[in-house]
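K.L.:
This is the structure, below, for whatever I ask next.
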Ligand SMILES: [Zn+2]
Ligand SMILES: [Zn+2]
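Numbering (this note's numbering), first residue to last: 1217 to 1589.
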């Protein structure tokens, strides 16, 4: 027998230990006094926003004493970031930010950890569905979890985006700040002065480009004897990607093909190379985004920053895990078969690494016991 643990009490205790022992410099963000901050706290509904700090020490003090469950800062810079009214804040510009989330990418492991329940007919199952396979309803309740496989799939999407930012837009990888979101994806931040004043429309065009939206074989190719060829042979941008796929598919970088054959090469190239970014996040010039090195309140994982080189060569999950010491005995009534890098089998009484037990608790698994060993 055991007692159901209280996620608010237990979570706050772990988060308090983390924020009290962290190095304040970990929470450093550029132009900190010009940013808006927002937090939600354990045991409280909603989010408190329009908060500003004079400097890093003030922010670190708030984290140490208020122990937020979630911590965000604005991608925008303001003259008066603490003003309650968005108009009065005085918008000065915003970083260019991309969000990549595994929710938008198919992964085989969803069968192991994601559950859906139809709110109309009560049917349920593992994996991810758009609509109920029994009654067709779109009123689906989802319980989603993340494992190392999903995180690595999301990481590969980030690397596709980095390829566009470096090769097509000419940014250096050293200008990019990549953070694991602490849950199911990544954020890519660009803070260069030349992006700060980009309008929403310009940001949307960048999204369309990296997603390969509107690429049309008719305009990318020109008619020649016997068919169509790419208009440009320079190995740059989407032309370069199409040339590569033409080489793979038909053995030549610029073959003479029918329009429909070019269309299928365009489609293949977009499927394989476009980056699955969330448009809403990039075009929002007043976005709140997770504070680097803060903890995610539904996972207990760290919003860990990575350089592009580290992204390629480091275990994401190892760096995001914070509570790696000790083990916790849990009784899992019903839940996923695998989370993070831990197999849970069919549940029951389990002894888990602390970080995995905390994730189950914070993300709403049915636990009847939580005993730190
Ligand atoms: Zn149904
Ligand atoms: Zn997974």
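Here a beta-carbon is modelled for each residue, glycine too, at the ideal position from N, C-alpha and C.
It should be emphasised that the depicted structure is a prediction, and the values quoted were computed from it without experimental measurement.
1. Measuring alpha carbon to alpha carbon, tell me which residue in 1346, 1441, 1522 and 1482 is nearest residue 1389.
2. Among all the DSSP beta bridges, which residues are the ones paired with residue 1315?
3. Any heavy atom of ligand 2 inside 7 Å of the beta-carbon of residue 1224?
4. Can you find a heavy atom of ligand 1 that lies under 7 Å from the Cβ of residue 1353?
5. On the DSSP bridge list, what partners appear for residue 1546?
6. Only counting runs of 3 or more residues, tell me where the beta strand (DSSP E) segments fall wholly within the region 1335–1412, in order along the chain.
7. Going by beta carbon distance, what residues of the same chain come within less than 8 Å of residue 1371, once the five residues before and after it are set aside?
8. If contacts are defined as beta-carbon pairs under 8 Å, then residue 1329 and residue 1552 qualify, I think. What distance do you get, rounded to the angstrom?
9. Between the C-alpha atoms of residue 1220 and residue 1249, what's the straight-line distance to the nearest angstrom?
10. Whose CB is closer than 5 Å to a heavy atom of ligand 2? List the residues in chain order.
11. From the DSSP output, in three-state form, read off residue 1439 for me.
12. Got a sec? Which residues, its chain only, sit under 8 Å from residue 1369 by beta carbon, not counting five neighbours each side?
13. From this set, 1556, 1240, 1589 and 1494, which residue's C-alpha is nearest residue 1399's C-alpha?
14. As a quick exercise: from 1353, 1383, 1511 and 1458, pick the residue whose alpha carbon is nearest that of residue 1449.
15. Does the Cβ of residue 1580 have 16 or more other Cβ atoms within 10 Å, making it buried, or fewer, making it exposed?
16. Could you check if residue 1358 belongs to the surroundings of ligand 1, using beta carbon to heavy atom distance under 7 Å?
17. With distances taken from CA atoms, which of 1332, 1285, 1253 and 1259 is nearest residue 1270?
18. Grab the span of the alpha helix (DSSP H) containing residue 1310 for me, first residue to last.
19. Does the beta carbon of residue 1340 fall short of 7 Å from some heavy atom of ligand 1?
20. Taking buried to mean at least 16 other C-beta atoms within 10 Å of its own C-beta, is residue 1488 buried or exposed?
21. Please report how far the alpha carbon of residue 1284 lies from the alpha carbon of residue 1308, in whole angstroms.
22. What does the alpha-carbon distance come out to for the pair residue 1301 and residue 1494?
P.N.:
Straight from the coordinates:
1. Counted from its first residue, the chain shown places residue 1389 at position 173. Distances from the alpha-carbon of residue 1389 to those of 1346, 1441, 1522 and 1482 put 1522 closest.
2. Stepping through the chain shown from its first residue, residue 1315 is reached at position 99. DSSP lists 1403 as the bridge partner or partners of residue 1315.
3. Here residue 1224 is taken as the residue at index 8 of the chain shown, counted from 1. No, ligand 2 has no heavy atom inside 7 Å of this Cβ.
4. Reading the chain shown from its first residue, position 137 is the one you call residue 1353. Answer for residue 1353: yes, Cβ within range of ligand 1.
5. Reading the chain shown from its first residue, position 330 is the one you call residue 1546. DSSP lists 1566 and 1586 as partners of residue 1546.
6. DSSP runs (the beta strand (DSSP E)) wholly in the region 1335–1412: 1340–1342, 1356–1359, 1392–1396 and 1401–1406.
7. Against the chain shown, residue 1371 aligns to sequence position 155. 1402, 1527 and 1532, listed in sequence order.
8. Along the chain shown, read from residue 1 onward, the residue named residue 1329 stands at position 113. Along the chain shown, read from residue 1 onward, the residue named residue 1552 stands at position 336. That belief holds up - the Cβ atoms of residue 1329 and residue 1552 are roughly 4 Å apart, short of 8 Å.
9. To locate residue 1220, count along the chain shown from 1; it is residue 4. To locate residue 1249, count along the chain shown from 1; it is residue 33. Taking the straight line joining both Cα atoms gives about 42 Å.
10. Near ligand 2, meaning a beta-carbon closer than 5 Å to one of its heavy atoms, we find 1325, 1363, 1365 and 1366.
11. The residue labelled residue 1439 in the question sits at position 223 within the chain shown. DSSP places residue 1439 in strand when its eight states are reduced to three.
12. Residue 1369 sits at position 153 when you count from the first residue of the chain shown. In its chain, beyond the 5 residues on either side, 1318, 1321 and 1323 have a beta carbon closer than 8 Å to the beta carbon of residue 1369.
13. If you number the chain shown from 1, residue 1399 lands on position 183. If we check each option's Cα against that of residue 1399, 1556 comes out closest.
14. The count along the chain shown starts at 1 and reaches residue 1449 at position 233. The shortest Cα separation from residue 1449 among 1353, 1383, 1511 and 1458 belongs to 1458.
15. For the purposes of this step, residue 1580 is taken as residue 364 along the chain shown, with counting starting at 1. Residue 1580 comes out exposed.
16. What you label residue 1358 is simply residue 142 of the chain shown in a count that begins at 1. Not under cutoff, so the answer is no.
17. By one-based count along the chain shown, residue 1270 stands at place 54. In this structure, 1253 is the residue among 1332, 1285, 1253 and 1259 with its C-alpha nearest to the C-alpha of residue 1270.
18. Sequence index remark: in the chain shown, residue 1310 carries index 94 (1-based). Careful: residue 1310 lies outside any alpha helix (DSSP H), inside the beta strand (DSSP E) at 1307–1310.
19. What you label residue 1340 is simply residue 124 of the chain shown in a count that begins at 1. No.
20. Taking the first residue of the chain shown as 1, we reach residue 1488 at position 272. By the neighbour-count criterion, in which a residue is buried when 16 or more other Cβ atoms sit within 10 angstroms of its Cβ, residue 1488 is exposed.
21. Locating residue 1284 in the chain shown gives position 68, where the first residue counts as 1. Locating residue 1308 in the chain shown gives position 92, where the first residue counts as 1. Straight-line measurement puts the Cα of residue 1308 at about 27 Å from the Cα of residue 1284.
22. The sequence position of residue 1301 within the chain shown is 85, counting from 1. The sequence position of residue 1494 within the chain shown is 278, counting from 1. So the two alpha carbons sit approximately 27 Å from each other.
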